[in-house]
Every structure is written in structure tokens, then in C-alpha cells.
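Residues in the sequence shown are numbered consecutively from 362, following our numbering.
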Amino acid sequence: MKNRRLSVAILIVAIMAAGSYYAYHLYNKPVQSLEKKKADLKLTAQKLVEDYVANEQAADSLYLGKVIEVQGTVSGILASSEETKVHLDSGNPMAMVICTIEKGKDIGTAKMGDQVTIKGLCSGFLGDVHIEQANVITE
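Have a look at this one:
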């Protein structure tokens, strides 16, 4: 009876260890780059923000979770050791498009006031429209 309990306990511990190992690797799996992925939609920062301000649910159905190319004027660049964010002016003083540049990528020669096109994954509206895994498109 003791041997059976010990065997069951060892089996349970082994299953938990295998599950933890799988979850750890799944969680730490590198995110696939969007750099070469074709954009689902192309639009201006102004149009993107206007759509979200007018009707967030309708805009989510159009943009959320999709790879989009957004064209706009750089209104700010925030760079830290961990990430770079490019802000695009939308013409709305209460909202902008915030693009978090993909890790390991740079923004090239883009600077304040430049017209740029940025491609990334739309993650929705939280006072501003957020684009993740973004790449500055150079033509």
C-alpha cells in the first residue's frame, strides 16, 4: 500500500513538473516578428483615432488584433533601455497613436515632425490608440 502511494505521488510530481516546464517555455516563447507580414489595413493616425473616439466597439471590430500600417507625423519619441515608443499626432489634442517599437528594431532616422509609416499590431484604445510590435516602414 505504501509503495502504491509513493508511486502515485511520484507520478503526480512528474506530471506537475512536465506541465510547469511546458508552461514556462510557452510563456517565454519569442514573439514572431511582424516586419515581413503584410498589413491588413492602411490608414492615417487621424482616421484611426477618429474611428476609436466615435465608436470604440466598432473600431475594435475593424482594427483590434490586426496588423495595420499607420501614417502620421511624429509628435514624440520616448526611448529607454527596454523599449522605444513613437507617438503619432492625430489632430486630436486628447488622443494620439502610441507605437511600441519591436524589440531589437530601431526607428532609423525618424525624428519629431517627420511623416512616417509604422506597421504593427493594434491592441486597442486606452485613451490613446496603442500599436504593439511596431516597425517603422522605410520606402
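Ideal Cβ positions, reconstructed from N, Cα and C, are used throughout, including at glycine.
Practice task
Return the chain-ordered list of same chain residues with a C-beta closer than 8 Å to the C-beta of residue 499, the five sequence neighbours on each side being excluded.
Solution key: 469
Problem - Beta-carbon gap between residue 410 and residue 471 smaller than 9 Å - result: no
Practice task
Compare the beta carbon distance of residue 431 and residue 479 with 9 Å and say whether it is the shorter of the two.
Solution key: yes
Problem - Status (buried if at least 16 other CB within 10 Å, exposed otherwise) for residue 496 - result: buried
Problem - Helix, strand or coil at residue 426 [DSSP, three-state] - result: coil
Problem - Among 398, 436 and 422, the one whose alpha carbon lies nearest that of residue 473 - result: 436
Handout entry: Element boundaries [beta strand (DSSP E), containing residue 493]
Key = 490-498
Practice task
On a CA-only basis, which of 408, 388 and 423 is nearest residue 452? Give me that one, please.
Solution key: 408
Practice task
Please report how far the alpha carbon of residue 421 lies from the alpha carbon of residue 454, in whole angstroms.
Solution key: 21 Å
Handout entry: Separation of residue 367 from residue 381, as counted between CA atoms
Key = 21 Å
Handout entry: Span of the beta strand (DSSP E) around residue 469
Key = Here residue 469 belongs to no beta strand (DSSP E), and DSSP marks it neither H nor E.
Exercise for the section: Just the C-alpha distance for residue 424 and residue 417, rounded to the nearest angstrom, thanks. Expected result: 10 Å
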